[in-house]
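Protein chains in written order, with my numbering: chain A, 1 to 295; chain B, 1001 to 1295. Glycine included, every Cβ here is placed at the ideal spot set by N, Cα and C. One structure is given below, encoded as structure tokens.
There are 2 protein chains.
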Amino acid sequence: MKCKVCKDKAEIYLRSHNIALCRKDFIKFYERRVMRSIEKLKMFTRGDKILVAISGGKDSLGLLHLLQKLEYDVTGYYINLGIDGYSDVSQNKVKAFSHSRGILIIIEDIRVAWDSGIGELAKRVRRPPCSLCGMVKRYLMNRAAVKFDVMATGHNQDDETATLLGNLLRWDEGYLARQSPVLKQKGSLKKRVKPLSFITERESAAYALMEGIDYIMEECPLAKRATSLFYKGILNQLEERMPGAKSRFFNGFLEYQKSHPLVEEEEPLVACVRCGYLTTSEVCNFCRLEEKIKH
Amino acid sequence: MKCKVCKDKAEIYLRSHNIALCRKDFIKFYERRVMRSIEKLKMFTRGDKILVAISGGKDSLGLLHLLQKLEYDVTGYYINLGIDGYSDVSQNKVKAFSHSRGILIIIEDIRVAWDSGIGELAKRVRRPPCSLCGMVKRYLMNRAAVKFDVMATGHNQDDETATLLGNLLRWDEGYLARQSPVLKQKGSLKKRVKPLSFITERESAAYALMEGIDYIMEECPLAKRATSLFYKGILNQLEERMPGAKSRFFNGFLEYQKSHPLVEEEEPLVACVRCGYLTTSEVCNFCRLEEKIKH
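Right, here's the structure in full:
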């Protein structure tokens, strides 16, 4: 197969776009599409200080790499969640990435404050690890973003489509209303954006490989039975039978959302009496977790 | 396992309701639920003349049987679609059902007018057989319903959920707006209702077996690769992992629809210049098909 642009040998065929591309032209094509999302959806500009949340995986490291290459003002933010045989591997990848590219990455380790990893914490407070992990990461990321203009995450189209399927299966209107590539600033909660919302998992992996990014390939061992992975499997079956189904589903939703603004439950946000974080109750979930752990 | 009601030996366990029931109590439970749908959604009353569209399968024959048992004024309507090795088998089941129960069933055969079955017609006009079949059945059913107050079909919850999934994957707003257990009368198009909307395929099959209904078990040979069957497989995987997922998905949609009336494309309906059937174009799809076949 030949590259559609330069006629050199193609390295990747993109079925839903029906084009084959060589390495150089795939990278251009990929970066142009991410740029277009950033500009069209007014995610951020070159004057903004951007905090990029990274896990050590292809999506977030690829995003940080791309934004630096495009000369945005980026800082990385990594949370070591103390997951045995996993977190230290990902942290090493993140450190090596930071050194080789001269990008500042803030590293936080939850074991410093809590003396244990997320798996053990989940057992102690009897919560599913993925839900606890999500809450803790959201809190720490929002806290770290205070000194920045915007926070970017590496969620790709497969992540977003899996989330959409889950939200629709429950018809969870609040979640459906909030599901968007751009979430506006809300008081002290900084603006959050997902520049890879229209990039597939496969494209993101190809980009990371072609750009020589050394990322952690394993799935988190605590998430092996995660519902999100199950939904991704379901969506892959749909895509296999009907090429383009995933992006039609996700883009169709965003179009629908535009003409039918979904009502977000307007529970007023108040500052947590302990830490000042915006929450809907007196004490935020994070402070309540801290309390539980210390007692 | 024992029947939850009478403690006799249970014959069926309903996972999503978490109850086991004997034959007698399952039949009661099933009929009460269908009755509740009919009454709550004001589908029809004992004063209405009801045309029940039947295929010879468990759902439609089970529905006709149940409505007769509950002393509704019912007539069956069967279309022989001329599908080799299938239509004649189903027609025989329908005839036997009619004789044994003394229910009048109107039988129409498309080969009388067109000299060929739906599979051959589809080839001649180069359309997928399922889409052509749907159009022809809708037309003939609506035409037959003219002398009745309401038309009932045997669509069950699995059918409706598969349709919903397909409509959402394309975010087809017109179809989403029209997807309902009750469609009001619209000019000469009679009211259409689906009394089994909240009954699962498995429950419907169990009811037909327990009530001694001899129905055609095979799937239509032309529909073996049908998208609806593929969607059903996907939804069964979801149900397997998350019991109750299908009914949460479908009921959640109906709740959502109530508070967010979806806008149906209001293309004005006009009478077809050939046959008078309500359509959005000058000549309806059915008359255009007839023309094509005759030329």
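In this structure, Ala-205(A) is the residue among Phe-250(A), Leu-222(A) and Ala-205(A) with its C-alpha nearest to the C-alpha of Gly-62(A). Any Cβ of chain A closer than 8 Å to the Cβ of Arg-1170(B) would place that residue at the interface, and such an atom is present. When the alpha-carbon of Lys-1095(B) is set against those of Asp-1084(B), Asp-1214(B), Glu-1267(B) and Val-1283(B), the nearest one is in Asp-1214(B).
In the pairwise beta carbon analysis, the region 1014-1028 of chain B is classified as not touching the region 158-165 of chain A: fewer than three pairs are separated by under 8 Å.
For Lys-1123(B), the uninterrupted alpha helix (DSSP H) segment begins and ends at 1118-1125.
Given a length threshold of 4 residues, each whole run of the alpha helix (DSSP H) inside the region 149-227 of chain A is given here in chain order: 157-170, 173-178 and 201-210. Around Phe-1253(B), the beta-carbon contacts reaching into chain A at under 8 Å are Trp-171. For His-1260(B), the nearest beta carbon of chain A is closer than 8 Å to its own beta carbon. For the region 48-129 of chain A, the full-length beta strand (DSSP E) segments reaching 3 residues or more read 49-54, 73-80 and 105-109 along the chain.
When secondary structure is reduced to three states using DSSP, Leu-269(A) falls in the coil class, being assigned neither helix nor strand. DSSP, reduced to helix, strand and coil, places Lys-1024(B) within a helical segment of the structure shown. Look at Tyr-1277(B) here: in three-state DSSP terms it is coil, with no helix or strand label.
The beta carbon of Phe-1249(B) sits closer than 8 Å to some beta carbon of chain A. By the rule that beta-carbons nearer than 8 Å mark a contact, Ala-245(A) touches chain B. In the DSSP annotation of this structure, the continuous segment of the beta strand (DSSP E) that includes Leu-1014(B) starts and ends at 1012-1014. At least one C-beta of chain A is nearer than 8 Å to the C-beta of Leu-1238(B). When C-beta distances to chain A are compared with 8 Å, the residues of the region 1171-1187 of chain B below that value are Trp-1171 and Glu-1173, in chain order. In the structure shown, the three-state DSSP call for Lys-1294(B) is helix.
The beta carbon of Arg-1143(B) sits no closer than 8 Å to any beta carbon of chain A.
Around the beta carbon of Cys-6(A), fewer than 16 other beta carbons sit within 10 angstroms, so the residue counts as exposed.
Proximity of chain B to Ile-234(A) at the Cβ level (cut-off 9 Å) is accounted for by Ile-1234, Gln-1237 and Leu-1238, in chain order.
A distance below 8 Å separates the beta carbons of Lys-1190(B) and Val-1150(B). Contact note: Arg-1192(B) does not reach chain A at a C-beta cutoff of 7 Å; the least C-beta distance is about 24 Å. In the pairwise beta carbon analysis, the region 1177-1193 of chain B is classified as not touching the region 1072-1089 of chain B: fewer than three pairs are separated by under 8 Å. In the DSSP secondary-structure assignment, Ile-1019(B) is bridged to Leu-1014(B). Within the same chain, Gly-1082 come within 8 Å of Glu-1120(B) by CB-CB distance, once the 5 residues on both sides are set aside.
From the beta-carbon of Tyr-207(A), no residue of chain B is found nearer than 7 Å; the closest lies around 27 Å away. Under DSSP, Lys-1002(B) shares a beta bridge with Lys-1009(B). Taking Ile-1106(B) as the centre and dropping the five residues before and after it, the same chain places the C-beta of Tyr-1077 closer than 6 Å to its C-beta, in chain order. Among the residues of chain B, those whose CB is under 9 Å from the CB of Arg-241(A) are Thr-1227 and Phe-1230, following chain order. Nearest Cα to Asp-172(A) within the set Asp-1048(B), Lys-1058(B), Phe-1250(B) and Ile-1293(B): Phe-1250(B).
Taking C-beta separations shorter than 8 Å and ignoring five residues to either side along the sequence, the partners of Cys-133(A) in its chain run Leu-81, Ile-118, Ala-122 and Leu-222, following chain order. With respect to the C-alpha of Met-210(A), the residue from Val-146(A), Lys-4(A), Lys-28(A) and Leu-289(A) having the closest C-alpha is Lys-28(A). Counting along the chain, Lys-1258(B) sits inside the alpha helix (DSSP H) bounded by residues 1245-1259.
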